[in-house]
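Quick notes on the structure that follows.
Protein chains: 2
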Amino acid sequence: MDSLTLEDIARKSGVSRSTVSRVINDHPNVSQKARERVQEVINQTGFQPHAAARALVSNRAWTCGLILPRTINSFFTDPYYPCLIQGIAQACSKQDYTFSLFLMGDKEDEEKMFARVARRGFMDGILFQSDQIGDMLIDRLADSGMPLVVLGRPFQENKVSYVDIDNIESVETAVDYLLRTGHKRIGTITGPLNTTVGIDRKKGYTNSLKKNGLGFDESLVVEGTFTEESGYQKMKKLLPAKPDAIFAASDQMALGAIRAIKEYGLDIPADISVIGFDDFQLPIPPSISLTTIRQPIARFGNEALNLLLDIIKNKDESPRKVILKSELIIRASTK
Amino acid sequence: MDSLTLEDIARKSGVSRSTVSRVINDHPNVSQKARERVQEVINQTGFQPHAAARALVSNRAWTCGLILPRTINSFFTDPYYPCLIQGIAQACSKQDYTFSLFLMGDKEDEEKMFARVARRGFMDGILFQSDQIGDMLIDRLADSGMPLVVLGRPFQENKVSYVDIDNIESVETAVDYLLRTGHKRIGTITGPLNTTVGIDRKKGYTNSLKKNGLGFDESLVVEGTFTEESGYQKMKKLLPAKPDAIFAASDQMALGAIRAIKEYGLDIPADISVIGFDDFQLPIPPSISLTTIRQPIARFGNEALNLLLDIIKNKDESPRKVILKSELIIRASTK
DNA sequence: CTGAAAGCGCTTACAG
DNA sequence: CTGAAAGCGCTTACAG
Chain E
0 MDSLTLEDIA RKSGVSRSTV SRVINDHPNV SQKARERVQE VINQTGFQPH AAARALVSNR
60 AWTCGLILPR TINSFFTDPY YPCLIQGIAQ ACSKQDYTFS LFLMGDKEDE EKMFARVARR
120 GFMDGILFQS DQIGDMLIDR LADSGMPLVV LGRPFQENKV SYVDIDNIES VETAVDYLLR
180 TGHKRIGTIT GPLNTTVGID RKKGYTNSLK KNGLGFDESL VVEGTFTEES GYQKMKKLLP
240 AKPDAIFAAS DQMALGAIRA IKEYGLDIPA DISVIGFDDF QLPIPPSISL TTIRQPIARF
300 GNEALNLLLD IIKNKDESPR KVILKSELII RASTK
Chain C
0 MDSLTLEDIA RKSGVSRSTV SRVINDHPNV SQKARERVQE VINQTGFQPH AAARALVSNR
60 AWTCGLILPR TINSFFTDPY YPCLIQGIAQ ACSKQDYTFS LFLMGDKEDE EKMFARVARR
120 GFMDGILFQS DQIGDMLIDR LADSGMPLVV LGRPFQENKV SYVDIDNIES VETAVDYLLR
180 TGHKRIGTIT GPLNTTVGID RKKGYTNSLK KNGLGFDESL VVEGTFTEES GYQKMKKLLP
240 AKPDAIFAAS DQMALGAIRA IKEYGLDIPA DISVIGFDDF QLPIPPSISL TTIRQPIARF
300 GNEALNLLLD IIKNKDESPR KVILKSELII RASTK
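Residue numbers (numbering that gives the first Met the number 0), protein chains in the order written: chain E, 0 to 334; chain C, 0 to 334.
Here it is, written out as structure tokens:
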């Protein structure tokens with residue numbers, strides 16, 4: 000590792016260290032000639048400014064934190080997390096930012112994370128994945144004054160900035176669609192009801208039933224955990240209630256539900272229609288042609304980072320929210 | 000965000016800034032009395048030293064990079080990545096380190112990543128997930144002089160330090176076991192054969208056959224991609240060859256293979272025994288009781304980070320390797 | 001457009 | 001054990 004400094008580059012190109020700094024930071028006040036000379040030396044030597052020195056003086060670390068509560072069972076099986084990470088990685092790369100990942104397990108991790116995050120000069124802001132347990136942390140983080148954007152609606156939605164997708168509306172649309180296409184007994188496998196995303200998607204379901212003059216049938220509603228296995232187990236519980244359609248709050252659960260339905264000897268969509276939620280468009284498409292709600296996960300990461308950078312730049316105090324639209328994708332699992 | 004400096008703490012506790020620094024860094028040369036006084040002020044104010052200032056002067060950023068080539072299809076579906084990330088996160092937390100994640104897609108990401116990684120004062124070292132495509136990058140990274148540990152055996156194994164598990168030996172043991180328990184026609188679904196892990200696990204398979212005096216039967220070997228879906232598809236190809244046992248190079252593929260076998264109407268393990276590889280011990284256990292090789296994934300991350308920290312501290316030049324033992328876990332999918 | 005100078009917040013010999 | 005001082009490698013008014 001060479002350790003050239005600005006001073007070295009300045010000497011080699013016959014200008015002052017101020018000028019070199021200006022060239023590096025694309026400052027306008029540099030003559031064409033000087034700029035070219037310096038640029039040449041930089042290219043030739045492969046000089047890279049010292050990140051820490053730069054962070055110290057400019058008060059900008061060019062790094063943000065992504066905090067994921069590890070309390071979520073689905074972390075290891077739900078493509079949501081890799082997709083989210085990919086989206087944020089791409090957005091960061093575009094903005095010349097870097098992100099540090101924090102996976103919190105126990106209370107101790109939490110304290111350690113908090114101490115490190117609080118160190119000035121370390122990160123410019125934080126992206127925090129909303130969930131039930133971690134939500135206590137949101138208050139602490141918000142109080143610390145560190146720029147913060149929550150991924151998904153947090154319980155304290157008026158206090159912090161967040162980005163979310165239109166969970167309620169999109170599910171409502173999907174269930175409307177099922178009703179319009181002649182289904183009478185629509186069941187749902189919800190997400191965990193101690194999370195806002197679980198609550199909101201369930202709300203979309205009940206909204207639609209109510210709006211269409213249908214009563215709420217307890218026996219048609221079960222609570223899952225977003226995993227394939229929970230979809231499978233919960234669908235078994237639902238089958239005796241004889242639904243003719245199912246809305247599952249994630250694709251993984253929809254896949255599990257389909258497995259249970261087939262095992263039971265029923266046909267999809269002839270006997271039961273199934274709608275999922277996610278449609279992450281992975282490199283390997285699922286073998287089942289699933290009607291589902293597509294959430295724009297890549298855009299989600301992108302919008303979150305942009306909102307965060309905006310807050311960092313403008314020292315904006317008032318919480319802001321960004322809600323992204325999802326889209327119903329109709330395929331072969333509904334009739 | 001308060002922005003106290005060392006100087007402020009020094010004033011408040013009636014000592015010099017040197018002494019405060021010593022307290023923070025646990026330097027022995029501080030009187031009990033001074034230490035207590037300073038500690039009290041620190042606790043009271045919640046002072047945290049400025050990370051960038053510290054990194055600048057101590058030449059240690061307390062951050063490392065984790066680089067994952069995103070070229071791998073299985074990134075979105077294989078629990079390997081979340082497990083790995085968790086292992087490294089835990090190890091980092093213990094060592095008071097932070098890690099930045101780099102997910103590379105195209106050539107452009109690669110250049111950006113490289114430029115950022117090369118900036119001095121930004122990261123102390125790099126963990127690089129081995130794979131076929133990214134391996135060109137390993138040379139560049141190694142040449143840059145940045146401390147580097149590769150996760151999994153890289154193709155240029157003599158040039159860089161790495162940690163790996165005993166792929167060849169453990170698979171050999173597993174296939175030995177199948178032979179010992181009376182199986183005659185053992186097939187395998189390998190990993191991608193342009194990766195060292197794919198190659199090594201296949202080698203374990205052929206080693207065992209050879210050692211036990213069995214010929215290599217082309218029709219019993221197919222190449223998968225580590226995903227469930229590829230296990231399913233490839234097993235279908237394998238069934239006409241009438242194997243009585245299968246070694247799949249990942250649990251995901253084993254699960255896919257089992258799906259195909261059951262669909263075909265055969266029984267496990269009565270007709271075909273199945274052994275997988277991974278046994279990540281996720282919070283949600285798989286519904287199938289699978290005989291498999293357990294790789295110590297949490298330890299893997301831990302050992303990798305420790306090796307890296309060691310290299311950083313000792314400026315060690317000669318490449319080192321750490322090989323971890325896996326373990327055959329016998330369950331109900333073998334007879 | 002350019003350079004000399006101050007300063008960011010630390011750590012660490014050095015002298016006492 | 002303690003403090004004054006130098007210095008890490010940058011950026012950014014300031015004066016020209």
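Where a beta carbon is used, it is the ideal one built from N, C-alpha and C, also for glycine. Every value quoted in this text rests on a predicted model; they were computed, and no experiment measured them.
Candidates the options: closest to residue i by CA position
| i | options | result |
| --- | --- | --- |
| C:GLU326 | C:SER218, C:LYS93, C:ILE84, C:ALA173 | C:ALA173 |
| E:PHE225 | E:LEU213, E:LYS241, E:PHE246, E:ASP216 | E:PHE246 |
| E:LEU3 | C:VAL170, C:GLY203, C:ASP243, C:ARG118 | C:ARG118 |
| E:ALA248 | E:THR290, E:ALA33, E:CYS91, E:LYS209 | E:THR290 |
| E:THR333 | E:ILE257, E:ASP199, E:PHE154, E:ILE283 | E:ILE257 |
| E:VAL162 | E:GLU228, E:ASN42, E:LEU83 | E:LEU83 |
| C:ASP142 | C:VAL159, C:GLN47, C:LYS111 | C:VAL159 |
| C:ILE41 | C:VAL116, C:ASN193, C:ILE23, C:MET122 | C:ILE23 |
| E:GLY104 | C:ALA50, C:SER20, C:ALA88, C:ARG139 | C:ALA88 |
| C:ILE283 | E:SER17, E:GLY45, E:THR76 | E:THR76 |
| C:THR180 | C:ASN211, C:MET135, C:PRO48, C:GLY45 | C:ASN211 |
| C:ARG36 | C:PRO48, C:ARG21, C:ALA50, C:HIS49 | C:ARG21 |
| E:ALA244 | E:ASP250, E:ALA269, E:GLN251, E:GLU39 | E:ALA269 |
| C:SER12 | C:ASP25, C:ALA33, C:ASN166 | C:ALA33 |
| C:GLU171 | C:LYS111, C:ILE188, C:LYS209 | C:LYS209 |
| C:GLN155 | C:LYS106, C:THR189, C:ASP216, C:ILE137 | C:ILE137 |
| C:GLU120 | E:ARG53, E:GLU222, E:GLU316 | Residue identity check: residue 120 of chain C is Gly in the sequence provided, not Glu. If we check each option's Cα against that of C:GLY120, E:ARG53 comes out closest. |
| E:LEU126 | E:ASN305, E:GLU109, E:ASP175 | E:ASN305 |
| E:VAL220 | E:LYS320, E:SER207, E:ASN206, E:LYS201 | E:LYS201 |
| C:GLU6 | C:GLN47, C:LEU281, C:TYR79 | C:GLN47 |
| C:LEU100 | C:ASP25, C:ASN301, C:ARG115, C:GLN131 | C:ARG115 |
Extent of the continuous alpha helix (DSSP H) run through residue i
| i | result |
| --- | --- |
| E:PRO68 | Here E:PRO68 belongs to no alpha helix (DSSP H); instead the beta strand (DSSP E) covers 62–68. |
| C:ARG293 | No alpha helix (DSSP H) contains C:ARG293, which is instead part of the beta strand (DSSP E) from 290–293. |
| E:ALA198 | The question names Ala, yet the displayed sequence has Ile at residue 198 of chain E. Where E:ILE198 is concerned, the enclosing alpha helix (DSSP H) stretches over 195–210. |
| E:TYR176 | 166–179 |
| E:GLY223 | Per DSSP, E:GLY223 belongs to no alpha helix (DSSP H) and is neither H nor E. |
| E:GLY186 | Element bounds for E:GLY186: not the alpha helix (DSSP H) but the beta strand (DSSP E), 185–189. |
| E:ILE8 | 5–12 |
| C:LYS261 | 250–262 |
Other residues of its chain near residue i: CB distance less than 6 Å, five sequence neighbours each side excluded
| i | result |
| --- | --- |
| C:VAL164 | Sequence check: residue 164 of chain C is Ile here, not Val. Within the same chain, C:ILE164 has close Cβ partners GLN294, LEU323, SER325. |
| E:PHE113 | none |
| E:SER288 | ARG330, ALA331 |
| C:ILE328 | ASP278, THR291, ARG293 |
| E:PRO191 | GLY197, THR224 |
| C:GLN128 | LEU67, LEU150 |
| C:GLY275 | ALA247, ASP250, ALA253, LEU289, THR291 |
| C:ARG139 | none |
8 Å CB neighbourhood of residue i in its chain, flanking five on each side removed
| i | result |
| --- | --- |
| C:ASP95 | TRP61 |
| E:GLY124 | CYS63, GLY64, MET145, PRO146, LEU147, VAL148, LEU307, LEU308, ILE310, ILE311 |
| C:SER15 | ALA9 |
| E:MET0 | Low per-residue confidence applies at E:MET0: pLDDT is 45, beneath 50, and the placement is therefore not dependable enough to give any value. |
| C:ASP134 | PRO153, PHE154, GLN155 |
heavy atom of the ligand ZN below 7 Å from residue i C-beta
| i | result |
| --- | --- |
| E:LEU323 | This structure does not include the ligand ZN; it has no bound ligands of any sort. |
First and last residue of the uninterrupted beta strand (DSSP E) at residue i
| i | result |
| --- | --- |
| E:THR97 | 97–103 |
| C:GLY275 | 272–277 |
| C:GLY86 | Taken as a continuous stretch (DSSP letters only), C:GLY86 belongs to no beta strand (DSSP E), being part of the alpha helix (DSSP H) at 79–94. |
| E:ILE245 | 244–247 |
8 Å contact criterion, which residue i and residue j should meet: CB distance rounded
| i | j | result |
| --- | --- | --- |
| E:TYR204 | E:LEU238 | At roughly 18 Å, the Cβ-Cβ gap does not stay under 8 Å, so E:TYR204 and E:LEU238 are not in contact. |
| C:ILE260 | C:MET234 | 6 Å |
| C:GLY186 | C:PRO146 | At roughly 42 Å, the Cβ-Cβ gap does not stay under 8 Å, so C:GLY186 and C:PRO146 are not in contact. |
| C:LEU55 | E:ALA51 | 4 Å |
| E:SER73 | E:LEU177 | With a Cβ gap of about 25 Å, E:SER73 and E:LEU177 do not count as contacting. |
| C:ARG152 | C:ASP216 | That belief does not hold up - the Cβ atoms of C:ARG152 and C:ASP216 are roughly 27 Å apart, past 8 Å. |
Chain-order list of residues whose beta-carbon lies under 7 Å from that of residue i (same chain, five-residue window excluded)
| i | result |
| --- | --- |
| E:LEU254 | GLU227, GLY230, PRO285, ILE287 |
| E:THR97 | TRP61, THR62, CYS91 |
| E:ALA240 | GLY186, SER218, LEU219 |
| E:VAL321 | VAL162, GLU302, LEU306 |
Query - Contained alpha helix (DSSP H) runs [length at least 4] in the region 16–57 of chain C, N- to C-terminal order - result: You should have 16–23, 31–44, 50–57.
Query raised in the report: What beta strand (DSSP E) runs, 3 residues minimum, are completely inside the region 298–329 of chain C?
Result: Segments of the beta strand (DSSP E) lying fully in the region 298–329 of chain C: 320–323, 326–328.
Query raised in the report: Which ranges would you report for the beta strand (DSSP E) in the region 113–172 of chain E if only whole runs of at least 3 residues count?
Result: As far as the region 113–172 of chain E is concerned, its whole beta strand (DSSP E) runs of at least 3 residues are 124–128, 147–150, 160–164.
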